[in-house]
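Chemist:
Protein chains in written order, with the UniProt record's numbering: chain B, 1 to 313; chain Z, 1 to 313.
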């Protein structure tokens, strides 16, 4: 529906983190910075730029501190976000200038052990340590977002009971996470499921602490899931330019929801993203130049912006 | 939402018609028959198998009569549908055994002239001749479906005013079309637009005469558009296996909504399609064997059916 004053929806680009961690090649730091600059120039206001994990485990993220610091310095208007699986990573992320830190907690026990090599309970305890540390910093402390991975299903465990996800969200909120977010890490979500979980978790943690919905497009359902979430009041989404990414535990997975397609959908539905779609498509060239071995997805880029496209007022 | 008794949604496979007419190669008749058999075996109950146009204009459809007749003979439970742009084509389709005939009428004047080489008014008049002829056949006559092409926008004309589409639908219903259907020929539709047009046209022609919604996935919005249409009460959709197809007037267009992904969405949302998704994926092999030059799309096939998939009860 067209609205006279368009409602705002936040699109957080997560390509430099989630999009790159599965890439076959390591993107050079300068290329990452050029890509981030192109996307910030297109109007993105939040960006997840790095993952603070041991470089041996993820060489694509060996320059996490450099990329985070450079992004903070170069783009003062951007909310700079980083992922950290543990206290050490969170401290490094904050030291590098990350303003918001995502701590993943898997709803699936099997995924937790595979992803952070810790049981779910142990990861909840680690989040507690991160929150205590963050609170100890007082004013200017980084915001801590608890991201519930595999909230919509897991390739290792299969279905994840919705009641367990809601209970976990309650535990994370109770522990003091600034934000609790749901991630469809595998891309298994369907719209009805999105509606139910968004509604239940939002009721549990409060709409003001409900984080960005993180969707993957493994089964081609990402845009339908966005639509269902919009109808439930979600006003923040993660996405990666070119649909980059994938999950090491999901063969055939094609990655995150494509930022270009998400912006097209949101603006067409009358939501203002603040993003210039044509400029965003140009940023794909910068990405492709810096990471030529990776296949980029995204339908709007393949077809071109149609003449019927109208950005929200 | 899960329902105790799953509501039925019709999925009409249009690959053998809409999917093939843009293919670079001509699929041999025997290969078409094998592909149609594989899809009928997977549980599809309606299929658009051919377009009755001059073979010089579309060599892929030179065997339209043979394919239509063979499908009728081999699959008595299947509703056999064909497209015909004019009276001559409709008569040939009926003679070959088509039980339902789609007559395209473009909402866009420019598309009408490019597609059927007639003005929109002239094509409405042609539909009138087809309807008169069909009525003259009495019992057992073919059903005539008026399909409004470019109902959601046109690459040649740009935006198509919704009021014009609704007015055209009224004219077609008044003329006596058994069914009036909306086609997003270019794949430009967005969910809000789908909701508005479905509601308006359905109110105009009556829900019982509102035909299958025909969606293309040019911009990656097909599944979101399906979701919006479901919420407006639409219970019939066109799709093509492997997302085959495209429009000669839409460069970069990647074709019809993929049948596999549509079935995945519908069943996951609790709607019964009667289609066995695993068997449908196997039918892709038959398609690929008969048309090796064509790239198949579809995310469910790329990723595989996840273990969390549950068909509607």
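Ideal Cβ placement from N, Cα and C applies to all residues, glycine included.
#1: Give every residue of the same chain whose Cβ lies closer than 7 angstroms to the Cβ of residue 58 of chain B, excluding the five residues on either side of it in the sequence, and list them in chain order.
#2: Taking the alpha-carbon positions, what's the residue 320 of chain B to residue 225 of chain Z distance?
#3: Distance cutoff 8 angstroms, beta carbons only. Does residue 308 of chain B sit that close to anything in chain Z?
#4: Only counting the same chain, and skipping five residues up and downstream in sequence, which positions put a Cβ closer than 6 angstroms to that of residue 204 of chain B?
#5: Looking at residue 123 of chain B: is its Cβ nearer than 8 angstroms to the Cβ of residue 112 of chain B?
#6: With a threshold of 8 angstroms between beta carbons, is residue 190 of chain B in contact with chain Z?
#7: Quick one: any contact between the stretch 193-209 of chain Z and the stretch 293-302 of chain B, if contact means 3 or more CB pairs under 8 angstroms?
#8: Quick check on residue 269 of chain Z - is its C-beta less than 8 angstroms from some C-beta in chain B?
#9: Tell me the start and end of each unbroken alpha helix (DSSP H) in the stretch 131-174 of chain B that is at least 4 residues and wholly inside, in chain order.
#10: Please confirm if residue 92 of chain Z has its CB atom under 8 angstroms from at least one CB of chain A.
#11: Within the chosen definition, does the stretch 32-47 of chain Z reach the stretch 284-292 of chain Z through at least 3 CB pairs nearer than 8 angstroms?
#12: Less than 8 angstroms between the C-beta atoms of residue 67 of chain Z and residue 33 of chain Z, yes or no?
#13: Can you check whether the C-beta of residue 299 of chain Z is within less than 8 angstroms of a C-beta belonging to chain B?
#14: Is there a Cβ of chain B sitting closer than 8 angstroms to that of residue 228 of chain Z, yes or no?
#15: Going by DSSP, what residues sit across from residue 104 of chain B in a beta bridge?
#16: Taking Cβ-Cβ distances shorter than 7 angstroms, what residues in chain Z pair up with residue 158 of chain B?
#17: Please tell me whether residue 63 of chain Z has its Cβ less than 8 angstroms away from any Cβ of chain B.
#18: Please list, in chain order, all residues of the same chain as residue 310 of chain Z whose beta carbon is under 6 angstroms from its beta carbon, the five residues on each side excluded.
#19: Listed in chain order, which residues of the stretch 210-223 of chain B have Cβ atoms closer than 9 angstroms to some Cβ of chain Z?
#20: What residue range does the beta strand (DSSP E) around residue 214 of chain B cover?
#21: Could you check whether the Cβ of residue 15 of chain B sits closer than 8 angstroms to any Cβ belonging to chain Z?
#22: Below 8 angstroms on the Cβ atoms is my contact criterion, and I expect residue 6 of chain B with residue 313 of chain B to pass it. Report the Cβ-Cβ distance as a whole number of Å.
#23: Using a C-beta cutoff of 8 angstroms, does residue 265 of chain B count as contacting chain Z?
#24: Touching or not, the stretch 187-205 of chain B and the stretch 143-162 of chain B, by the rule of three or more beta carbon pairs under 8 angstroms?
#25: Measure from the alpha carbon of residue 85 of chain Z to the alpha carbon of each residue in Z/134, Z/103 and Z/69, then state which is nearest.
#26: Find out if the Cβ-Cβ distance for the pair residue 133 of chain B, residue 172 of chain B is shorter than 8 angstroms.
#27: So with CB distances below 9 angstroms, who are the chain Z contacts of residue 153 of chain B?
#28: Can the beta-carbon of residue 255 of chain Z be found less than 8 angstroms from the beta-carbon of residue 244 of chain Z?
#29: Determine, for residue 184 of chain B, whether the minimum Cβ-Cβ distance to residues of chain Z falls below 8 angstroms.
#30: With a 10 Å radius around its C-beta and 16 neighbouring C-beta atoms as the bar for buried, classify residue 71 of chain B as buried or exposed.
#31: Taking all protein chains shown into account, decide if residue 136 of chain B is buried (16 or more other Cβ within 10 angstroms of its Cβ) or exposed.
#32: Please report how far the alpha carbon of residue 2 of chain Z lies from the alpha carbon of residue 270 of chain Z, in whole angstroms.
#33: Indicate the three-state DSSP secondary structure (helix, strand or coil) for residue 256 of chain Z in the structure shown.
#34: Determine the chain B residues that contact residue 276 of chain Z at a beta-carbon separation under 8 angstroms, and present them in chain order.
#35: Apart from the five residues just before and just after residue 264 of chain B, which ones in its own chain have a Cβ nearer than 6 angstroms to its Cβ?
#36: Who does residue 286 of chain B pair with in a DSSP beta bridge?
Modeler: On the basis of the supplied data:
#1: 21 and 51
#2: Residue 320 of chain B lies beyond the range of chain B shown here (1 to 313); nothing can be said about it.
#3: yes
#4: 166, 169 and 170
#5: yes
#6: yes
#7: no
#8: yes
#9: none
#10: In the structure shown, chain A cannot be found, because the protein chains are B and Z.
#11: yes
#12: yes
#13: yes
#14: yes
#15: B/147
#16: 307 and 308
#17: no
#18: none
#19: 217, 218, 219, 220, 221, 222 and 223
#20: 213-215
#21: no
#22: 5 angstroms
#23: yes
#24: yes
#25: Z/103
#26: no
#27: 306, 307 and 308
#28: yes
#29: no
#30: buried
#31: exposed
#32: Any answer about residue 2 of chain Z is weak, because its pLDDT of 48 lies below 50 and its placement is not dependable; what the coordinates show is given next. So the alpha carbons of these two residues sit roughly 5 angstroms apart.
#33: strand
#34: Correct list: empty, because the minimum Cβ distance to chain B is about 17 angstroms.
#35: 300
#36: In DSSP, residue 286 of chain B forms no bridge with anything.
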